[in-house]
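Heads up: the sequence lines are chains A and B, in that order.
Using the working numbering, you'd call the opening residue of the first sequence number 1 and step up by one each time.
Using the working numbering, you'd call the opening residue of the second sequence number 1001 and step up by one each time.
Idealized CB from N, CA, C, for every residue including glycine.
This structure is a prediction, so every number in the text was calculated from the model and none was measured.
Structure, as structure tokens:
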Amino acid sequence: MNLDQRMHKAENSSRWRAYAMIAPLLLFVMLSFVAPLGMILLNSIYDPVVPDGLPHTVAELQAWAGPRDQLPPEPVYAALAYDMKKAAQEQQTGSIANRLNIEKPGLRAVFMKTSRVVARQDNGPWTPVFETADPAWSQPEIWGTIRNLSSPVHSLFFLSALDLHRQPDGTIAQQPKDQRIYISIYLRTLAVALAVTFLCIVLGFPLAYMLAHLRDKTANLLLIFVLIPFWTSLLVRTTAWTVVLQEQGLINSLLQMSGLIAEPLTLVFNRVGVIIAMTHILLPFVILPVYSVMQQIPTTYVQAARSLGASSLVAFFRVYLPQCMPGLNAGGLLVFVFALGYYITPSLIGGSADQLIAYFVSYNIGTSMNWGLASALATILLAAVLLLYTVYDHLVGHNRLTIR
Amino acid sequence: MLDNQQPFVRFDHIEKSYDGKTLVIQDLSLDIVRGEFLTLLGPSGSGKTTALMMLAGFENPTAGNIYLDGRPINRIAPEHRNIGMVFQNYALFPHMTVAENVGFPLKVRGTTGDAARSKIVAVLDKVGLTGFENRRPAQLSGGQQQRVAVARALVFDPQLVLMDEPLSSLDKQLREQLQYEIKSLHRDTGITFVYVTHDQSEAMVMSDRVAVFYQGRIQQIDTPDRLYAHPNNSFVAKFIGENNMIKPNVYIRPERVQIDPVYGTVDTVVNGTVRDITCLGRYIRVRLDSCGTDNFVVTLPNNGQFLDLQIGGIVALGWTATDCHTINS
């Protein structure tokens, strides 16, 4: 064996040892993180309810493939009648009706009613049966909706997450004005996250600076004050803020006692309260990385800058601040990403106009049972974070994002 | 030669305390002549760095005044003192290139463009770093970083250059080379240098005068040859080179002691027991038990002559009265 082979053999065994050591962690991450994430992504595009529940209808519609402003021929009605009877036997009528209702509100009632009528009938012709059961069946729109849903993989959830929908005629259009909500909620989430990140940096930087330049003993004591809220339950801290901020709360009482205001300020169940509480809760995520970076900066850098003729301001901005950037970037990014996905604090302290995107993910999972839309909303949020990170990384430069 | 000029830097009865209880500098008075290379030498904690930091403006004296070119500077901010400083860890700004580091003092003074560029090129040429303009400090060796730090401290033509143990983290050969480079920069520029070190041989090689610090006081300030030949007190006698105490307050240098002296050439002869023989290249160092100490040191030139010494053997040691020096304690 020559030297090259021996070297590779020696390095191979240590590489395999390294893989073996991280294998349990890798498995854990795959099972607990990658797999659920994959399911969510899949949920947002994979939706087999209609093709599974109405297989013959879908097949007949495809065979006919007529223009969408016309009604389908009798065989499609017959196939639908067959599928409805089968669904009723398998007790699937409700879930199909729900799925149709999500696409076009009102279709649940139409489908359920028609299903009952069809169940009483044994033979066709089916077209008049449907048309008497509900006049909707004599309109081409309902068939367009079913055709939109006939593929198990589609983009309907993403369209509605972006305030768009696919019309029965197959074209994509904006939702009616009163139903456009998600774009403005994404923008609201972005605005709140940016405001909270900005406030955390503005408040956290001087605090971290003070901690880094105090004597160790005092600094450790103050650090505990930063960390105690950090260790307290998020729910407790959020509730505490409602108490402090409410109309008869601490802040309003103090301000009124000091005569600064006559009427109590509305600080809770609005945007102000959400931003105050989120800033407080996320502040340690800026303080800690910035503090640890500042501790590594030797005092001689600023001394050197000043001996070379820089005023203390110039020394700060040209020498000290650039060296804090890894900490500021890490802290700012952490706060921004956390804030984008915040749920508990806005839902407890905010009013109905202050709910962020996470609230609507939860709403679509729990209340409206539209998992596909919830998945699409979450996927868009994830994609937006990755996109923003890439842009930011490109602007700031990769080497400055890492803590050395 | 320097004595008849007016002092350029004057420490006037300076005291410094950090905690309000102990003085790290006690009544320091020191005159530095224009154009001289003065070294503050002492063990760690002796107050030499504190004295330098007060001169640079990063520490305030607790009492007394510091004058620079006749002006009191206690209230002048560091950036207005026009003093170049080289730090122990170099303090090169890691986010700037070599050229940006060296150009920093010019930029903050409003010198930009071609004027700045030609100065940067000239000073980098002077320290032998032409072609390294676009490197980052992390891409340079220790010696190269040191040279950048020196260039940065010289580029704005300061009236005074301070160096705080600038060579202490370099290996021996590089250190010796840079000692001569800094010395020749001092000669070429004619700027006054104040240099802090704990390495007495470095102080001897580089300095016009050396101020020996110990326990917050200057023990002696003198030229290197006079410090060696005529130490003022026992601390200086032991700190500068090696010295054997033959009786209280009387010392002799190891190279002045003869082993097995020729009869009639010495005034005093004592016996010593050999403890250790070490070859140090140019000379051989013999440690003996004599004159009430087991650390009596004699050095002999390594000139190839046969040495009839054995560990544990007893030899005669002799010296003349003129080679001994008496120190007032």
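field: Cβ of Y19(A) within 8 Å of any chain B Cβ
entry: no
Contacts around L405(A), its chain only, beta-carbon distance under 6 Å, and the 5 residues preceding and following it disregarded: An answer regarding residue 405(A) cannot be provided, because it is not within the stretch 1 to 404 covered by chain A.
query: Is the stretch 1217-1230 of chain B close to the stretch 1055-1063 of chain B, with three or more CB pairs under 8 Å?
result: no
query: Relative to chain B, which residues along the stretch 233-250 of chain A have a C-beta separation below 8 Å, given in chain order?
result: none
message: Between I403(A) and chain B, is any beta-carbon pair separated by less than 8 Å?
response: Low local confidence applies: a pLDDT of 42 at I403(A) is under 50, so the model's placement there is unreliable, with the coordinate-based value given in what follows. So no, I403(A) is outside the interface.
field: Beta-carbon proximity check, W126(A) vs A81(A), cutoff 8 Å
entry: yes
L235(A) to F1093(B) span [Cα, whole Å]: 44 Å
message: Please give the ranges of any alpha helix (DSSP H) in the stretch 329-374 of chain A, keeping only runs that are unbroken, at least 4 residues long and fully inside the region.
response: 344-349 and 357-366
- prompt: Apart from the five residues just before and just after R147(A), which ones in its own chain have a Cβ nearer than 6 Å to its Cβ?
  reply: L61
Under 8 Å by beta carbon: chain B residues contacting Q303(A): A1056, F1058, P1078, M1085, F1087 and A1091
task: Count the other CB atoms, across all protein chains shown, that sit within 10 Å of the CB of Q248(A); report buried if there are 16 or more and exposed otherwise.
output: exposed
field: CB contact below 8 Å: R306(A) versus chain B
entry: yes
query: If the cut is a Cβ gap below 8 Å, which residues of chain A does R1109(B) touch?
result: G309
field: Local Cβ density within 10 Å of G106(A), reported as buried at 16 or more and exposed below that
entry: exposed
task: Anything in chain A within Cβ reach of P1105(B), meaning under 7 Å, just list it in chain order.
output: L308 and G309
message: Could you check whether the stretch 1022-1041 of chain B touches the stretch 1192-1201 of chain B, counting it as contact only if at least three pairs of C-beta atoms, one from each stretch, sit closer than 8 Å?
response: yes
- prompt: Under 8 Å between C-beta atoms, does P152(A) make it to chain B?
  reply: no
- request: Would you kindly work out how many angstroms separate the C-alpha atoms of Y359(A) and P346(A), rounded to a whole number?
  value: 8 Å
query: Mind pulling the chain A residues with CB within less than 8 Å of R1117(B)?
result: Neighbours of R1117(B) on chain A: none; closest Cβ ~17 Å, over 8 Å.
Beta-carbon gap between I1025(B) and F1008(B) smaller than 8 Å: no
- prompt: By Cβ distance, which residues of its chain are closer than 7 Å to Q1215(B), with the 5 residues on each side in sequence left out?
  reply: S1046
message: Quick check: the Cα distance between N1244(B) and M210(A), rounded to an integer number of angstroms?
response: 53 Å
- prompt: With 16 as the cutoff for other CB atoms within 10 Å, does P326(A) come out buried or exposed?
  reply: buried
task: Rounded to whole angstroms, what's the CA-CA distance from A304(A) to F1156(B)? Just pull it up for me.
output: 14 Å
- request: State buried or exposed for V202(A), treating a residue as buried only when at least 16 other CB atoms are found within 10 Å of its CB.
  value: exposed
- prompt: Taking C-alpha atoms, which residue in I172(A), W241(A), S258(A) and P289(A) lies nearest to L441(A)?
  reply: The question about residue 441(A) has no answer, for chain A in this structure spans 1 to 404.
query: Alpha carbon to alpha carbon, how far is L223(A) from Y291(A)?
result: 10 Å
- prompt: Based on Cα-Cα distance, which residue from L1124(B), I1083(B) and R1217(B) lies nearest to L1028(B)?
  reply: R1217(B)
task: For G331(A), collect the residues of the same chain with a Cβ closer than 8 Å to its Cβ; drop the 5 residues on either side in sequence, then sort them by chain order.
output: C200, I201, G204, F285, V286, I287, L288, P289 and V290
message: At the 8 Å Cβ level, is F1156(B) part of the contact set with chain A, yes or no?
response: yes
- request: Run the CB neighbour count on R120(A), radius 10 Å, all protein chains shown included, and call it buried at 16 or more, exposed below.
  value: exposed
field: Residues from the stretch 1198-1223 of chain B in contact with chain A, defined by Cβ distance under 7 Å
entry: none
message: My assumption, with CB atoms under 8 Å, is that S375(A) sits in contact with I40(A). Please give the rounded CB distance.
response: 5 Å
- prompt: Is the shortest distance between the beta-carbon of Q323(A) and the beta-carbons of chain B less than 8 Å?
  reply: yes
- request: For Y1180(B), count neighbouring C-beta atoms within 10 Å of its own C-beta (all shown protein chains included) and say buried if the count is 16 or more, exposed if not.
  value: exposed
- prompt: Grouping DSSP H, G and I as helix and E and B as strand, with all else coil, what is Y1163(B)?
  reply: A quick correction: the sequence has Met, not Tyr, at residue 1163(B). Of the three classes helix, strand and coil, the one that applies to M1163(B) here is strand, per DSSP.
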